[in-house]
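Here's the structure, in structure tokens; my notes come after.
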Amino acid sequence: MTEDRRVRKTKQAIKHALIQLLEVKDLEKITIQDITTLADINRGTFYLHYEDKYILLSDMEDEYARDLTDDMQLLKDMIKELNVEDFAKVFAEKVLKNIMIHIKNNIEFYQIIIKLERKSHIEEKISELMFENMSNNANDDNAIAGIPLDYFHSYVFGATISFIKHWVSDTNRMEPDEVVDYLIKIIFNGPLRLMVNGQLK
Numbered sequence: 000m001t002e003d004r005r006v007r008k009t010k011q012a013i014k015h016a017l018i019q020l021l022e023v024k025d026l027e028k029i030t031i032q033d034i035t036t037l038a039d040i041n042r043g044t045f046y047l048h049y050e051d052k053y054i055l056l057s058d059m060e061d062e063y064a065r066d067l068t069d070d071m072q073l074l075k076d077m078i079k080e081l082n083v084e085d086f087a088k089v090f091a092e093k094v095l096k097n098i099m100i101h102i103k104n105n106i107e108f109y110q111i112i113i114k115l116e117r118k119s120h121i122e123e124k125i126s127e128l129m130f131e132n133m134s135n136n137a138n139d140d141n142a143i144a145g146i147p148l149d150y151f152h153s154y155v156f157g158a159t160i161s162f163i164k165h166w167v168s169d170t171n172r173m174e175p176d177e178v179v180d181y182l183i184k185i186i187f188n189g190p191l192r193l194m195v196n197g198q199l200k
């Protein structure tokens with residue numbers, strides 16, 4: 000038990016060191032020596048846990064992705080069991096809000112991830128889960144409301160990820176409750192309808 004706790008503490012120090020370094024350096028320019036010096040460990044200890052800095056970052060992304068996707072797994076049963084109004088409420092309170100709180104609690108990591116010049120494992124995992132949930136509600140023609148599933152998924156996923164990235168990078172970041180209310184409003188009303196209704200007021 001003591002050894003496991005020591006290993007977890009060491010890994011946490013390594014991960015924290017990488018996050019700190021990514022705030023001031025590109026990933027390509029970060030060396031293992033940079034990481035071990037900041038984490039106050041030797042190179043042997045680093046290689047005991049990770050093959051290189053890319054495996055380290057991948058492991059970190061997978062860890063955060065698991066936390067996010069655990070909440071998204073709730074969608075499967077909810078869609079089948081609830082009507083639209085109840086689903087919207089539970090989706091906002093049990094899924095979206097938890098995701099936003101998780102991101103806020105780990106904001107330093109997510110601010111770094113969105114700056115990397117590649118699609119993160121987190122985005123890929125969320126995309127896969129969204130596609131899977133949408134597939135469960137597609138008709139026999141593999142479409143939703145007559146829209147081919149791949150196009151439907153592309154729009155919804157792209158818009159949602161863009162919205163979240165904007166929130167993460169916003170220097171005047173609002174609280175999770177508020178941002179969830181805005182996202183739900185857009186999702187369930189649609190941007191065009193909201194714009195038209197706004198002009199009519």
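Those letters in the sequence shown? Residues 0 to 200, per this note's numbering, in order.
We put the beta carbon where it would ideally sit given N, CA and C, even for glycine.
It should be emphasised that the depicted structure is a prediction, and the values quoted were computed from it without experimental measurement.
Where residue 38 falls: helix, strand or coil (DSSP): helix
Taking Cβ positions, are residue 95 and residue 191 nearer each other than 8 angstroms? no
Quick one: Cα of residue 68 to Cα of residue 125, how far? 7 angstroms
Taking only runs of the alpha helix (DSSP H) that begin and end inside the region 112 to 174, which ones reach a length of at least 4 residues, in chain order? 120 to 134 and 148 to 168
In three-state DSSP terms, what is residue 18? helix
I need the DSSP call for residue 49, collapsed to helix, strand or coil. coil
Measuring alpha carbon to alpha carbon, tell me which of 160, 46, 91 and 187 ends up nearest residue 31. 46
What is the rounded straight-line gap between the Cα of residue 121 and the Cα of residue 161? 14 angstroms
Measuring CB to CB, does residue 111 end up less than 8 angstroms from residue 21? yes
Going by DSSP, what residue range makes up the alpha helix (DSSP H) through residue 104? 96 to 104
Give me the residue from 130, 26, 24 and 62 with the minimum Cα distance to residue 10. 62
Which whole-angstrom value describes the C-beta separation of residue 55 and residue 13, a residue pair presumed to lie in contact below a C-beta threshold of 8 angstroms? 7 angstroms
Under 8 angstroms between C-beta atoms of residue 147 and residue 141: yes
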